[in-house]
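Let me begin by presenting the structure, written as structure tokens, before commenting on it.
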Amino acid sequence: MKNLSYTFLRPAAEEALGTSRYSPKKLVLIHTGVSLGVGLVLSVLSYVLDLGIDVAPATIVERAKAENIKIVALSGVLTLALDSMKATVDALKAAGLDCKVIIGGAPVSAEACKNIGADEWAHSPAKTVTVCKQWASE
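The sequence shown begins at 800 in the working numbering and counts up one residue at a time.
In structure tokens, the structure reads:
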């Protein structure tokens with residue numbers, strides 16, 4: 800069964816953002832139960848791999864390598880998630896992966912983005928979709 804937000808939000812997202820699909824680029828989305836973001840991203844990108852909640856940085860790196868992932872989205876609700884995001888970004892860089900990282904959720908800010916080493920940050924699923932769509936078209 801598809802994500803319910805995907806089912807209900809896809810038509811609205813496609814109308815607002817267009818229906819283009821970007822097959823050369825791939826996206827992995829790691830989230831903390833925020834299905835709204837998953838649904839919106841699914842509606843505008845051709846490939847989304849949702850690894851779920853509390854995924855170890857090593858697992859993210861392993862899957863990113865195996866799937867040739869170009870965009871990694873990390874999300875968290877609590878400030879505690881920032882340390883995990885940093886560990887994940889550090890692991891991606893240490894592995895030499897050529898991917899962009901966007902972080903999102905309640906505790907993120909421009910300062911957190913800089914400290915974590917992510918390429919971008921977002922408080923809303925809409926901004927996440929806009930940024931990912933832009934990166935996927937590059």
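For each residue, glycine too, the CB sits at the ideal point set by N, CA and C.
THR878 and PRO906 have their C-alpha atoms some 5 Å from each other. The residues ALA886, THR887, ALA890, in chain order, have a CB closer than 6 Å to that of PRO856 in the same chain once the five nearest residues on each side in sequence are set aside.
In the three-state scheme derived from DSSP, where H, G and I count as helix and E and B as strand, ASP853 is classed as coil. Taking all protein chains in view, the Cβ of ILE859 is crowded by 16 or more other Cβ atoms within 10 Å, so the residue is classified as buried. The distance from the Cβ of VAL928 to that of VAL900 is about 16 Å, inconsistent with a contact at the 8 Å cut-off. Around the Cβ of SER908, a 10 Å sphere holds fewer than 16 other Cβ atoms; the residue is exposed. Non-local C-beta neighbours of ALA863 in its own chain, meaning closer than 7 Å and more than five positions away in sequence, comprise VAL827, VAL871, LEU891, LEU896, CYS898, ordered along the chain. Here DSSP, grouped into helix, strand and coil, assigns VAL871 to strand.
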